[in-house]
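Now the structure itself:
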């Protein structure tokens with residue numbers, strides 16, 4: 273079965289630093305998402321992306337966050353100046369037929 | 067806004083049947099999905115209901131009543147490997163619409 277791939281699997285950074293999380297969605301999917309999950313909590317929506325632009329974003333997705341699809345395959349989430357509370361597992365997902373396919377996630381630790 | 071309620075924990079024995087309920091309040095309802103997540107893993111799609119009634123996929127079934135804003139996931143012939151968190155999620159009525167997840171139900175299957 274096709275997969276969504278994410279890199280890196282773990283990212284440790286200092287508060288205030290920029291991080292870029294990378295994702296390769298499933299090739300024939302059109303809708304892309306970033307979600308995050310703080311340990312032991314629910315999966316929270318961050319942003320959806322379609323046709324090279326943001327479709328919807330949550331309150332969490334403030335000016336420190338941005339997304340890009342720089343080429344035909346990659347989909348990135350950038351956090352410009354990380355805060356301690358950004359520590360979480362970040363999942364990329366792409367959608368096919370009402371089914372979300374999640375990547376294995378990037379565990380971001382902000383120190 | 068959207069909100070979902072599901073039990074936080076359920077325990078059952080191997081071979082038994084368990085039902086995980088989900089009630090939701092949402093605008094622009096598009097469908098109810100269920101995802102399974104093992105510790106440290108990504109959510110994986112189990113089932114989707116857009117219309118009222120029962121959908122069966124092997125040992126798992128999902129039910130939806132749109133008039134009651136209610137659904138459930140039924141797991142039969144429980145196996146130890148079914149121990150995981152189960153999330154219901156409502157989808158918005160746009161193609162790129164986000165899915166909003168419930169807080170999750172931790173299922174523990176005992177021998």
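Residue numbers (my numbering), protein chains in the order written: chain A, 273 to 383; chain B, 67 to 177.
No residue lacks a Cβ here, since even glycine has one placed at the ideal position from N, Cα and C.
These numbers were taken from a predicted model, which means no experiment stands behind them.
Secondary structure at residue 357 of chain A: helix, using DSSP grouped into helix, strand and coil.
Per DSSP, residue 282 of chain A is one residue of the beta strand (DSSP E) stretching across 282–285. Look at residue 176 of chain B here: in three-state DSSP terms it is strand. Contact between residue 354 of chain A and residue 287 of chain A holds: CB atoms are separated by about 6 Å, below the 8 Å threshold. In the DSSP assignment, residue 86 of chain B forms a beta bridge with B:139. Between residue 305 of chain A and chain B, the shortest Cβ-Cβ separation is below 8 Å.
For residue 370 of chain A, the nearest CB of chain B lies under 8 Å from its own CB, placing it at the interface with that chain.
Residue pairing by DSSP puts residue 121 of chain B in a beta bridge opposite B:128. The three-state reading of DSSP puts residue 367 of chain A in strand, counting E and B together.
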